[in-house]
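K.L.:
Sharing a structure with you now.
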Amino acid sequence: MTTAPTLCITERCTRELRDWELDAAMLICRPCHDQMRQWLQQIPAALTVLRDGSMQRERTGDTGGRGGTRTAPLPGRLDTLNLIGPAASGTVHDLYGDQIGGRPIIDTLGSWVRLICEERRLNGPAHWTETELAAWLIPQMGFATTQAWVSDLHRELFDMSCEIRGIARIDIHTKPINRPCPRCGDLNLQKTDHDLYTRCTGCGSAFTQNELNDDAIRRAAA
Ligand SMILES: [Zn+2]
Ligand SMILES: [Zn+2]
285 MTTAPTLCIT
295 ERCTRELRDW
305 ELDAAMLICR
315 PCHDQMRQWL
325 QQIPAALTVL
335 RDGSMQRERT
345 GDTGGRGGTR
355 TAPLPGRLDT
365 LNLIGPAASG
375 TVHDLYGDQI
385 GGRPIIDTLG
395 SWVRLICEER
405 RLNGPAHWTE
415 TELAAWLIPQ
425 MGFATTQAWV
435 SDLHRELFDM
445 SCEIRGIARI
455 DIHTKPINRP
465 CPRCGDLNLQ
475 KTDHDLYTRC
485 TGCGSAFTQN
495 ELNDDAIRRA
505 AA
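Structure, rendered in structure tokens:
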């Protein structure tokens, strides 16, 4: 008897959950879990880029514009200030994700820290900063994978990451990978910059570089 496969519940991912993931009561796949950790790990570096950007604009801003070495203003300053601005006080957790555009990082991270603190009866970080909130959340990602709200968390971290990248003006490219998908065999693999995984647009699988290498060896030996 075959049962229907259980799929990862995050958006944009239809990877079939492996037995060990199901045994661990995970609702999302390991690649999606790793990606959330990676987005959180990028926060300290991203803040440096965002703060530099907004400061540069301050220095070269509206000073009358006579002489000097004014550089072209960086676009998106308002968005930048929004992203690194303080969270509105008393923000409630945005369960339905209907808040878009320049939501402060501290607000996004803070609402998830609050939720996990309540559910696990934990204390949050000592200081309510983007960096400390992100560091506090990283070891909680394993727990998060077992919770029904993990797809909301994954989407919000993804949105935050895109927003940060857009403002940091780092271009993201997706390129086709010219080898068959280890799962479905079609030539639909592609790799996007900053993504840890190569993904198949045909069957929705995601593969690490090691998995792809193992598959190439298997195919060569077959
Ligand atoms: Zn997934
Ligand atoms: Zn495939």
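Mapping of the sequence shown onto our numbering: position 107 corresponds to residue 391, and the numbering continues sequentially without gaps.
Note that the Cβ used here is the ideal one computed from N, Cα and C, for glycine as well.
Values in this document were obtained by computation on a predicted structure and should not be read as measured data.
1) Quick check: PRO388 and GLY408, are their CB atoms within less than 8 Å of each other?
2) Am I right that LEU334 and ILE448 are in contact with their C-beta atoms under 8 Å? What's the rounded C-beta distance?
3) If you reduce the DSSP assignment to three classes, tell me which class ALA356 lands in.
4) Can you grab the Cα-Cα spacing for the pair SER395 / TRP412, in whole Å?
5) Taking the DSSP output, what are the residues bridged to CYS484?
6) What I want to know is whether the C-beta of ARG439 ends up closer than 7 Å to one or more non-hydrogen atoms of ligand 1.
7) Hey, how far is the Cα of ILE312 from the Cα of THR429?
8) For GLU414, count neighbouring Cβ atoms within 10 angstroms of its own Cβ and tell me buried if that reaches 16, exposed if not.
9) Could you say which of HIS478, VAL397, MET310 lies nearest to GLN322 if we only look at CA atoms?
10) Which same chain residues end up closer than 8 Å to MET320 when comparing Cβ atoms and leaving out the 5 residues on each side of it in sequence?
11) Could you please give me the residues that DSSP links to PRO328 through a beta bridge?
12) In this structure, what does DSSP give as the bridge partners for PHE491?
13) With DSSP as the reference, identify every bridge partner of LEU291, one or two as the case may be.
14) What's the C-alpha gap between LEU480 and GLN493?
15) Drop a sphere of 10 angstroms on the beta-carbon of ARG503, count the other beta-carbons inside from all chains shown, and report buried for 16 or more, exposed for fewer.
16) Flag CYS465 as yes when its Cβ comes closer than 7 Å to any non-hydrogen atom of ligand 2, and as no otherwise.
17) When you compare only the Cα positions, how much space is there between ILE327 and GLU402?
18) With DSSP run on the structure shown, which of helix, strand or coil describes PRO423?
19) For PRO315, does the three-state DSSP call read helix, strand or coil?
20) Mind listing, in chain order, the residues whose beta carbon lies closer than 6 Å to a non-hydrogen atom of ligand 1?
21) Counting C-beta neighbours from all protein chains within 10 Å, is the total for CYS465 16 or more, i.e. buried, or is it exposed?
22) Buried or exposed: CYS316, going by 16 or more other Cβ atoms within 10 Å of its Cβ?
P.N.:
The answer reads as follows:
1) No Cβ-Cβ contact shorter than 8 Å links PRO388 with GLY408.
2) Separation of the CB atoms of LEU334 and ILE448 is rounded to 7 Å, and the pair is thereby assigned contact status at 8 Å.
3) With a pLDDT of 48 at ALA356, under the threshold of 50, the modelled position of this residue cannot be trusted; read the value that follows with caution. ALA356 sits in coil when the DSSP states are folded into three classes, being neither helix nor strand.
4) Straight across, the Cα-Cα distance linking SER395 with TRP412 is about 11 Å.
5) According to DSSP, residue pairing for CYS484 in a beta bridge involves LEU473.
6) Not under cutoff, so the answer is no.
7) Distance between the alpha carbons of ILE312 and THR429 is about 6 Å.
8) Buried.
9) Checked all of HIS478, VAL397, MET310; the closest Cα to GLN322 is HIS478.
10) Same-chain partners within the cutoff: MET425, ALA428, LEU437, HIS438, LEU441.
11) The partner list for PRO328 (beta bridge, DSSP) is empty, contrary to what the question assumes.
12) According to DSSP, PHE491 bridges with THR482.
13) According to DSSP, LEU291 shares a beta bridge with GLU300.
14) So the two alpha carbons sit approximately 8 Å from each other.
15) In this structure ARG503 is exposed. Its beta-carbon is surrounded by fewer than 16 other beta-carbon atoms within 10 angstroms.
16) Yes, since a heavy atom of ligand 2 falls inside the 7 Å radius drawn around the Cβ of CYS465.
17) Using only the alpha carbons, I get a separation of about 23 Å.
18) The answer is helix: DSSP assigns PRO423 an H, G or I state.
19) PRO315 falls in the helix class under three-state DSSP.
20) Cβ atoms closer than 6 Å to ligand 1 belong to CYS292, THR294, CYS297, ARG299, ILE312, CYS313, PRO315, CYS316.
21) Answer is buried; the Cβ neighbour count reaches 16.
22) Flag for CYS316 reads buried.
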